[in-house]
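The structure appears below as structure tokens.
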Amino acid sequence: MTASELASGLSAWPPIRPELAGIEPYGAPQLDVPVQLNVNENPYRPSAACVADIAAAVSEAAVTLNRYPDREFTALRTALADYLSRDAPVTPEMVWAANGSNEVMLQLLQAFGGPGRTVVSFAPTYSMYPEYARDTLTEWVAGTREEDFSLDLGKARALVEEVRPSVVLLPSPNNPTGTALPPEAVGVLCEAVGQDGIVVVDEAYGEFRRAGVPSALESLASHRNLVVTRTMSKAFAGAGLRLGYFAADPAIADAVRVVRLPYHLSSVTQAAALAALRHAPELLAKVDELRAERDRTVGWLRDNGLEAADSDANYVLFGRFADRHAVWQGLLDRGVLIRETGPEGWLRVSVGTPSEMAAFEGALTDVMAGPMAEVVER
Ligand SMILES: *Cc1c(COP(=O)(O)O)cnc(C)c1O
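Okay, so the sequence shown: first residue is 0 according to numbering that gives the first Met the number 0, each after it adds one.
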């Protein structure tokens, strides 16, 4: 068939799976604006000492780039286990890692989902989850959260007992709302799922949780069907590194090994991640500053007549606006990029440096003084 025959619509091109035809790839706009508060990155760059250490480690790894990397990334697993053991005892055999926790979760769906199997989550939640389900031919079932974005555990358990999912995906704190799971949630859901499935608690923002909020890592010893994922993209200021990981029963890590691509973690990634982990204390010191800035931002939004969801993460969901797109655009016109996501009327802002937050607050004050920012009354 010639190109013009194709263009005239005799047949769809390319011959992609029909359910993928015409679908826009996931992605927040990557725009070059002065204040970028849209993808929950850490606004603080790694220190000069950390950069130097990463550079030295990568340069050493480069000497043997003719060889494939350590397929089992033993040194990195050990370092990640040590790091997680601040929250609960974790051994290297319990740890798995891949290129971002998105890849980790896709691998979990490849191993534990699939045709005839179901994955359950609770909306509003992370927009990538239904994509992992689609890409692994797993059925997607979304329950709902309450008005205040909390999870009603009775309803959640009932849904799990009805659907019998192979995988439950639960972010804590939830994206985009910032809501952490209540302490009893992990036990209730692990028991409801039972032997037939796994419960994945996505703690991408776990390090930002407020004092007194437990990590699901503490429940690993009592639930062998629990998987807790983390990432170096947010608290560790390593979004560009692409390193995500989980801790679980060693049998779950072994199962994922079956579906991973050969040598999926490059020598360069392993070396850079190991070097960054050596700087954990200094990287995490910034987390406390960001938590304080987040709490201040929630207060500022509420003082200015807006609703702001309680947040255990490094972002705040706020609103509600009659026309949220107009508010988003108004901020962008003033050099501040945030995220148009979440339920109708809400917007999400990532927590940046104090000067970036001052720019956000100035721009929002300006937009709200204009005609485009009607606030929906509670
Ligand atoms: C940012 C984020 C991740 C992390 O993704 P990486 O692939 O590790 O960069 C995971 N889950 C949620 C809910 C996120 O918002």
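Cβ coordinates follow ideal geometry from the N, Cα and C atoms, glycine included.
From a predicted model like this one, the values you see are computed outputs, not experimental measurements.
Tell me which same chain residues have a C-beta within less than 7 Å of the C-beta of residue i, skipping the five on either side of it?
| i | result |
| --- | --- |
| PRO129 | TRP139 |
| PRO68 | TYR262, LEU264, SER265, SER266 and GLN269 |
| ALA155 | PHE121, GLY142 and LEU188 |
| ALA60 | SER266, VAL267 and ALA270 |
| GLY205 | SER214 and ARG229 |
Report the option in the options whose CA atom is closest to the CA atom of residue i.
| i | options | result |
| --- | --- | --- |
| TYR262 | LEU36, ILE53, VAL34 and GLU71 | GLU71 |
| LEU75 | ALA87, MET93 and ALA61 | MET93 |
| LEU264 | GLN109, GLU160 and TYR244 | TYR244 |
| ALA80 | GLY351, LEU152, PRO91 and ALA87 | PRO91 |
| LEU30 | ASP201, VAL366, PHE359 and GLY334 | GLY334 |
| VAL286 | ALA236, ALA250 and LEU330 | ALA236 |
| VAL374 | HIS324, ARG229 and GLU217 | HIS324 |
| VAL198 | SER10, SER171, VAL62 and PRO213 | SER171 |
| PRO213 | ARG229, LEU180 and PRO88 | LEU180 |
In whole angstroms, what separates the C-alpha of residue i from that of residue j?
| i | j | result |
| --- | --- | --- |
| GLY99 | GLY211 | 27 Å |
| ALA97 | ALA250 | 17 Å |
| LEU108 | VAL38 | 24 Å |
| VAL255 | ASP248 | 11 Å |
| ARG295 | ASP311 | 13 Å |
| PRO13 | LEU64 | 36 Å |
| TRP327 | ARG338 | 7 Å |
| VAL258 | MET356 | 42 Å |
| THR293 | MET231 | The residue you asked about is not Thr; residue 293 is Arg in the sequence shown. Each residue's alpha carbon lies about 20 Å from the other. |
| ASN313 | ARG66 | 39 Å |
| LEU36 | PHE359 | 9 Å |
Cutting at 6 Å between CB atoms, please list the residues of its own chain near residue i, excluding the five before and the five after it.
| i | result |
| --- | --- |
| ALA307 | VAL297, LEU300, ARG301, VAL315 and PHE317 |
Counting along the chain, where does the alpha helix (DSSP H) carrying residue i start and finish?
| i | result |
| --- | --- |
| VAL286 | 279-302 |
| ASP365 | 353-368 |
| ASP134 | 128-134 |
| ASP332 | 323-332 |
Nearer than 7 Å: is that true of the beta carbon of residue i relative to any heavy atom of ligand 1?
| i | result |
| --- | --- |
| LYS233 | yes |
| ASP134 | no |
| ASN303 | no |
| THR340 | no |
| TYR125 | yes |
| ALA307 | no |
| THR230 | yes |
| ASP311 | no |
| ASP322 | no |
| ALA238 | yes |
| SER100 | yes |
With a threshold of 8 Å on Cβ separation, who are the neighbours of residue i within its own chain once the five nearest residues in sequence on each side are excluded?
| i | result |
| --- | --- |
| GLY196 | PHE111, ARG163, PRO164, SER165, VAL166, VAL167 and ASN224 |
| HIS278 | PRO45, SER46, ALA48, CYS49 and ASP52 |
| GLY369 | GLY329 |
| VAL118 | LEU108, GLY112, TYR128, TYR131, ALA132, THR137, GLU138, TRP139, VAL140, PRO164, SER165, VAL166, VAL167 and LEU168 |
Residue range of the beta strand (DSSP E) that residue i falls in?
| i | result |
| --- | --- |
| GLY318 | 314-318 |
| ARG156 | Segment 152-162 is the alpha helix (DSSP H) holding ARG156; no beta strand (DSSP E) there. |
| ARG209 | Taken as a continuous stretch (DSSP letters only), ARG209 belongs to no beta strand (DSSP E), as it is neither H nor E. |
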